Amino acid sequence: MVPYFCRCAAGGWGELSGPAVIEKGDLLWTDFGVVGLNLHTDTQHLGYVLREGEMDVPAGLKMCLNNSNRLQDILLTHMEPGLTGNEILANTLSEMRAEGIDGTVYTHPIGDHGHGAGPLIGRWDGQEGVPVRGDAVFTPLYVAFD
Numbered sequence: 006m007v008p009y010f011c012r013c014a015a016g017g018w019g020e021l022s023g024p025a026v027i028e029k030g031d032l033l034w035t036d037f038g039v040v041g042l043n044l045h046t047d048t049q050h051l052g053y054v055l056r057e058g059e060m061d062v063p064a065g066l067k068m069c070l071n072n073s074n075r076l077q078d079i080l081l082t083h084m085e086p087g088l089t090g091n092e093i094l095a096n097t098l099s100e101m102r103a104e105g106i107d108g109t110v111y112t113h114p115i116g117d118h119g120h121g122a123g124p125l126i127g128r129w130d131g132q133e134g135v136p137v138r139g140d141a142v143f144t145p146l147y148v149a150f151d
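Residue numbers (the numbering used here): 6 to 151.
Below is the structure:
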């Protein structure tokens, strides 16, 4: 799998294709595949390049990370065997919104390929539920939180 990189700069957000200069204040995102113990998935990482004079990441980015971590915790509390992926999604989004977090939920099972067999819990474009794969019943398995 070829790593995928994006850059958010003053000029906007876009995929990096070819030589590019990473500048101070840029937000960088990458998504690439990994295999371990014969389990296939992807991993995503986000980085920020401090601007001149900055000693720390801006407060808004820290708030986003804290909200993302809280959303992961909320999702974990709702991942109960016997519920469908869509039920878990609805329960998670309800609690997320009650806490004032603006976010989206997307998980996929990991396994013999990057997005393995089993229920999906949301998608970036499926926050009202995912037909068919979201209707599958959740059983204990390994999932990736995208």
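Positions of the beta carbon are idealized from the N, C-alpha and C atoms, including for glycine.
Here the structure is a predicted model, which means the values were calculated and not measured.
If you keep only unbroken beta strand (DSSP E) runs of at least 3 residues inside the region 25–111, you get 32–41 and 44–53. For VAL135, there is no enclosing beta strand (DSSP E), as DSSP marks it with neither H nor E.
Excluding sequence positions up to five before and after LEU51, its CB lies within less than 6 Å of the CB of TRP34, all in the same chain and listed in chain order. Ranked by how close their Cα comes to the Cα of GLY123, the residues ILE79, ASN72, ARG138 and ASP107 have ARG138 in first place. With contacts defined by Cβ atoms closer than 8 Å, GLY90 and PHE150 do not form a contacting pair. Exclusion of the five residues before and after GLN132 leaves LEU94, LEU98, THR109 and VAL110 as the residues of its chain whose Cβ lies within less than 8 Å of its Cβ.
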